[in-house]
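One structure below.
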Amino acid sequence: MKKTLLLVLLIAVIILTVSELLLRLCGFTPYSAKTKPWQVAPRYFLKSDSLLGFRPDTGIFQFATTQGSFSATQIHPGERITSFNDTSADSESRQRILFLGGHNIYGFGLKNEETLPFVFQTMYPSFKVRNLAVPGYGVAADYLLITGGMEVKKGDVFVFMYFADHDKRPSLKLQKGTYADVQAGYNKLFPMTALDKNLQPYFTEYNYEPYPLSQYSALVNFMEDKQNIYSDDHAPEHDIAKKALVSLHQFCEARGATFVLVGRRTDAVSKSVVDFCAKNGVHAVQFPLADNSHNPEKNDKLEEKKIFADKLMQYLQQEKLVPVAL
């Protein structure tokens, strides 16, 4: 019996050792708590909010990152500007196009004029473009933002730049990716908004801890990453997001507005949510991530954003959500 047990243990040790070596030969490494240092002045650019957990503060904020510096101008009630003469006054008669999303559409790391909503506003000045995207926001936060009391006008077009990570904030993958920055104090923690199956809000907290041996073993780190991906892909929040997105469509439609879902990735989970929404009456379109020349999340070149903005405008016109320019 002891010999059998020892043999089993020996085989297990050999398998684990070989697996560790093979993973390292393939370029996989143990977890490294590398930070991406950044600073913001004169204060943190987000503030607490009783409904959403947090929202942008108002003011001009100077950021310094490892990639360079940029400034972000945020106006009341908590959104980034889309033109240099932008104001919080909304009494004008132009049709509004309101962008929703996370840090990519907000434009973290970019100057005001380099963000997609700003480029869109510059290209189409006959519309009033608003940048409601906020780093860390997902389906739950945007659902509460729209249904929680903001003015929805007849003719409004809400454009949600979507992928599956928006369904669960923060995802396990995101929590692990930002763990080092959180521990170093670069990322200030706020409660994150979530929705239950009845679309009732509650707050979640960041409480991630990497696997104990992941910093020493490529195998453990690899298994942790795979487990996180599996858990994120099969999280119940994806079904809740489907319900919330269709509900947003109905909420906007009842007020003479339109909700548009733009799928930014072609992974199975993202695509399934976009397809579900399209089958349930939502204006939903897939702009594939593989088309990097039209991808503002991966390409910060101004000309590429213009191409993407033109593509989006063509879709809105085809759907008769905005008038075709003469």
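Position 278 (the sequence shown) corresponds to 279 in this note's numbering; numbering is contiguous. Don't be surprised by glycine CBs; every beta carbon is placed ideally from N, CA and C.
- A65 sits exposed, since fewer than 16 C-beta atoms from the chains shown fall within 10 Å of its C-beta.
- Closest in C-alpha terms to H239, from the list P31, K169, L190, comes K169.
- Under a 10 Å Cβ-count criterion, G264 is classified as buried, with 16 or more other Cβ atoms of the shown protein chains found around its own Cβ.
- At the C-beta level, A285 and V275 come within 7 Å of one another.
- With contacts defined by Cβ atoms closer than 7 Å, K306 and L117 form a contacting pair.
- Around the C-beta of A165, 16 or more other C-beta atoms lie within 10 Å, and the residue is accordingly described as buried.
- Here the segment 307-317 makes contact with the segment 112-132; the two share three or more CB pairs at distances below 8 Å.
- Here A255 carries a coil assignment [DSSP, helix/strand/coil].
- For V140, same chain residues with a beta-carbon under 6 Å away, outside a window of 5 residues either side, are H167, D168, A242, A245 in chain order.
- DSSP places I12 within a helical segment (H, G or I) once states are collapsed to three.
- For Q318, the closest of D233, M224, V158, P202 by C-alpha to C-alpha distance is V158.
- Judged by DSSP in its simplified three-state form, D226 adopts helix.
- Contact check for F62 and V41: beta-carbon distance about 5 Å, within the 8 Å limit, so the pair qualifies.
- E80 is bridged by DSSP to I76.
- Taking a C-beta distance under 7 Å as the contact criterion, D233 and K174 qualify as a contact pair.
- In this structure, the alpha-carbon of Q201 lies about 18 Å from that of C253.
- With fewer than 16 other CB atoms across the displayed protein chains lying within 10 angstroms of its CB, S33 is exposed.
- At a Cβ-Cβ threshold of 7 Å, L145 and L101 do not count as neighbours.
- D87 sits buried, since 16 or more C-beta atoms from the chains shown fall within 10 Å of its C-beta.
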